[in-house]
Amino acid sequence: MFCSLCQSHRKLNKFGKEGSKNFKTSALSEHTLTKDHTDITNLKVARAKLIKVSNNSVDKAQNHVGALMKIIFWMAENDILLNKLSEIVKLCRILEYPQLISASNTITYENNVSGHEMLSAISNSIEETIWKELDKAIAFGIMVDESTDISCEPYLVIYIKYCLHGKIKIHFLKLLQLKSLTNKLMSFASDKASVIKRIDTLHKYQEILEHPILKIKQIFEVHWLSWYEAVKNLCLSIEPLMDTLLETMTTTNNNIQRQNFIFLYTEICDWKLLAFLHFLWDILGYLTTLSKIFQQKKIQISNIDPIIELTLRKIQQEFLDYDEDGRLLLGKNLNRFLSNTTAKDNYNIGTHQLTQNENYEADLIVDISSFASAVITEIQERFPDRPLFNSMKIFDHTNWPNGREELIKYGEKELNIYQNFTRRKLVIFLKSGLDIKQ
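Take 1338 as the starting number for the sequence shown in the numbering used here and just add one per residue.
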C-alpha cells in the first residue's frame, strides 16, 4: 500500500518508496502523523492559501485600475486636468468607495503620469472601435478644420460621419499636430466640368428674372452655423433653379440624365417641400441669432439666458401657439411663400405648377409643430441649468453694489445655486461614474 502524496514528493518512507504491507487503519493513522506526510499536507494548504491570496490581490488591483480608468474618463469628459487625479481619488477614499485599494500600498497608479497612460489606452481603444466600424460602414464623410491649442501649436481636427446598420454616427476621429501653417490658399478640388454650363444657365435665369445671384452651397461647404444661409439662398433661387432644370431636361440627349432631371424637377415642385424649406428659413434664423451670441469675444454668461428665453418664446408663439381662430402665426418668410403660391388656389411659382393635395396643409402644420417642438426640447436639454447662467453675474464686477452692507449680502442666492449644482454633479459622478449604490 502506497501514499500518493509521499510518492509524488519522493519521500523515502515505506508508504512512499517500498509500500507498506500493513493494511490496518492504525498504520494509516500513524503515517498521517509522520513528519514527511504532515510537511506535504501543510505545503499543499499553504500553496492553496497563497493562490487564493494572490487571486484576491489581482482582483483588487484590477478593480482599482478599473475604477481609476472610470475616474480618468469622467475627468476627460468634463475637461478636468489630470493633475487633479490624486485629489479626486483622495475624495473617493474619504467617501469610502470600495473599489479603490488602500493608499498605503506601494503602487496605486494615482499620479498624473499613470493617468496620461490610462487616458491614452482609453483613446486608442475608442479609435480602434471607430476604425472597425468604418470598415463595415456603407458610406462615410470627413470634415477637417485647422485649430491651435492654448500654446498656439497648430493642429488639424478631423471628424468622421458614417452610416452603420442604418444609423448615422458622428465621431471625433483624430487631432493631428502640424509642423507649420501657412496662409496659402487651400481648396477643395473636384471634376465638375459637366455642371459648369448648367451653373451658367442658372445665373442667366437669375439675371433675366432680376433675382439675386446666390451660391447654392454644397454639403461639404456648409458649416453647422451656416445652415441658415444655405436654406435662405436655396429659397431665394427656387424659380431660376426650376427654369434651369426644365430647360436642361428638355435639351439633354442622355436619357439617364433626363430621367434624373425629371425626378429632381418633380421633387422641387412639391408645394409641401417648398413650404417646409421656408419654415426652416424662419426657424434657423432664430437659431443662428442664438448661435452668434456664443461667437462673441467678450460674452457675459449671465446675458445668455435672456437670449435663450427670447428664442424659445419666438418659436413657441409662431409655430406652436394657436390664435383664437385656431391658426398658427408662422414666420414672415413662410407667410410670404403661402400668400404668393396659394392666391386664388393657384399653386404655382412663376410658370411652374406646384404639386399638392388636400392633406398637404394639415400635414405641413403637423410637421412644423413636430420640428418646432423638437427644437425647443433640444435647446432645453442643451441648457438644462439656466439659473446657473444667471448666477454667474456675481463674478462680473460691473454688477457689484456700491454700498458696503449690500456688498456683504450680495450673491448669497447665486452662490447657493452654484453650490447645489456642484453637489448634484458630484453625486452623479459618485453614483453613476463609479457605480456606487445608494
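Quick reminder that beta carbons are idealized off the backbone N, C-alpha and C, glycines included.
Values in this document were obtained by computation on a predicted structure and should not be read as measured data.
| Span of the beta strand (DSSP E) around Tyr1623 | Tyr1623 -> not in any beta strand (DSSP E); alpha helix (DSSP H) instead, spanning Trp1608 to Ile1630.
| message | Measuring only the C-alpha atoms, how far is Ala1711 from His1615? | response | Each residue's Cα considered, the two are about 18 angstroms apart.
| query | How many Å lie between Met1579 and Gln1514 at the Cα? | reply | Taking C-alpha positions only, Met1579 is separated from Gln1514 by approximately 46 angstroms.
| task | Give the straight-line distance between the Cα atoms of Ser1527 and Asp1642, rounded to the nearest whole angstrom. | result | Note that Ser1527 scores a pLDDT of 44, beneath 50, so its modelled location is shaky; the value from the coordinates is reported in the next line. Rounded to whole angstroms, Ser1527 to Asp1642 spans 44 angstroms at the Cα level.
| task | Just the C-alpha distance for Thr1626 and Asn1757, rounded to the nearest angstrom, thanks. | result | Rounded to whole angstroms, Thr1626 and Asn1757 show a C-alpha spacing of 31 angstroms.
| request: Measure from the C-beta of Ile1754 to each C-beta in chain D and report whether the shortest distance is under 8 angstroms. | output: Absent from the structure: chain D. Only one protein chain is present.
| Just checking, does the segment 1404-1423 make contact with the segment 1446-1453 on the three C-beta pairs under 8 angstroms criterion? | Cβ pair count under 8 angstroms is three or more, so yes.
| Which residues bound the alpha helix (DSSP H) around Tyr1602? | Boundaries of the alpha helix (DSSP H) around Tyr1602: Asn1592 to Ile1605.
| query | Which of the three DSSP states, helix, strand or coil, is assigned to Phe1758? | reply | Reduced to three states, the DSSP call for Phe1758 is helix.
| task | Could you have a look at Cys1340 and say whether DSSP puts it in helix, strand or coil? | result | Correct three-state label for Cys1340: coil.
| message | Rounding to the nearest angstrom, what Cα-Cα distance links His1508 and Tyr1565 in this structure? | response | Approximately 23 angstroms, taken between the alpha carbons.
| message | Given a cut-off of 8 angstroms on the beta-carbon distance, is the pair Glu1464 and Leu1405 in contact? | response | No.
| query | Where does Glu1749 fall in DSSP's three states? | reply | Here Glu1749 sits in helix by DSSP.
| said: With a threshold of 7 angstroms on Cβ separation, who are the neighbours of Ile1644 within its own chain once the five nearest residues in sequence on each side are excluded? | reply: Non-local C-beta neighbours of Ile1644 in its own chain, meaning closer than 7 angstroms and more than five positions away in sequence, comprise Leu1627 and Ile1630, ordered along the chain.
| query | Skipping 5 residues on each side, what residues in its chain have a beta carbon closer than 7 angstroms to that of Lys1473? | reply | Counting only Cβ-Cβ distances below 7 angstroms, and skipping sequence neighbours, we find Leu1501.
| How should Thr1759 be labelled, buried or exposed, when 16 other C-beta atoms within 10 angstroms of its C-beta is the threshold for buried? | Exposed, by the Cβ-count rule.
| query | Based on the DSSP secondary-structure assignment, which residues constitute the bridge partners of His1689? | reply | Partner(s): Ile1686.
| task | Specify the secondary structure class of Ala1476 as computed by DSSP and reduced to three states. | result | Ala1476 falls in the strand class under three-state DSSP.
| field | Limits of the unbroken beta strand (DSSP E) element including Lys1511 | value | Residues Lys1504 to Gln1514.
| On the three-state DSSP scale, how would you describe Leu1701? | Helix.
| request: Could you say if the segment 1589-1601 and the segment 1675-1695 meet the contact criterion of at least three C-beta pairs nearer than 8 angstroms? | output: No: the two stretches stay apart, fewer than three of their Cβ pairs being nearer than 8 angstroms.
| query | In whole angstroms, what separates the C-alpha of Arg1384 from that of Ile1425? | reply | One C-alpha to the other measures close to 38 angstroms.
| message | Please state the DSSP three-state secondary structure of Ile1636. | response | Coil, per DSSP.
| Whole-Å CB distance - Leu1419 paired with Leu1767, under 8 angstroms assumed | Not really, about 19 angstroms apart at Cβ, beyond 8 angstroms.
| Nearest CA to the CA of Gly1687: which residue from Tyr1492, Pro1577, Leu1370 and Glu1470? | Answer by Cα proximity: Pro1577.
| field | Cβ separation of Ile1497 and Leu1510, assumed to be a contact under 8 angstroms, to the nearest whole Å | value | Yes, Ile1497 and Leu1510 are in contact; Cβ-Cβ is about 5 angstroms, under 8 angstroms.
| What did DSSP end up calling Tyr1434 once you bin it into helix, strand or coil? | Here DSSP, grouped into helix, strand and coil, assigns Tyr1434 to coil.
| said: For a test of the three-state rule: what should DSSP assign to Ile1417, helix, strand or coil? | reply: Coil.
| Helix, strand or coil: how does DSSP classify Leu1405 here? | In this structure, Leu1405 counts as helix in the three-state DSSP scheme.
| task | Could you tell me which residues DSSP pairs with Cys1500 in its beta bridges? | result | Answer is Ala1476 and Ile1505.
| said: Excluding the 5 residues flanking Lys1529 on each side, which residues of the same chain have their C-beta closer than 8 angstroms to its C-beta? | reply: Unreliable positioning characterises Lys1529 in this predicted model, as indicated by a pLDDT of 46, which lies under 50. A coordinate reading is not provided.
| said: Output needed for Asp1660: all residues of its chain with C-beta closer than 7 angstroms, excluding positions within five of it in sequence on either side, in chain order. | reply: Apart from the 5 residues on each side of it in sequence, Asp1660 sits with its Cβ closer than 7 angstroms to the Cβ of Leu1666 in its chain, given in chain order.
| said: Rounding to the nearest angstrom, what Cα-Cα distance links Gly1663 and Ser1706 in this structure? | reply: Roughly 14 angstroms separates the two Cα atoms.
| said: Could you tell me the alpha carbon to alpha carbon distance between Glu1604 and Ile1475, rounded to whole angstroms? | reply: Roughly 25 angstroms between the two C-alpha positions.
| message | Restricting to Cα atoms, I'd like to know which of Ala1398, Cys1343, Gln1399 and Leu1582 is closest to Lys1372. | response | Nearest Cα to Lys1372 within the set Ala1398, Cys1343, Gln1399 and Leu1582: Cys1343.
| said: According to DSSP, is Tyr1446 part of a helix, a strand, or is it coil? | reply: Reduced to three states, the DSSP call for Tyr1446 is coil.
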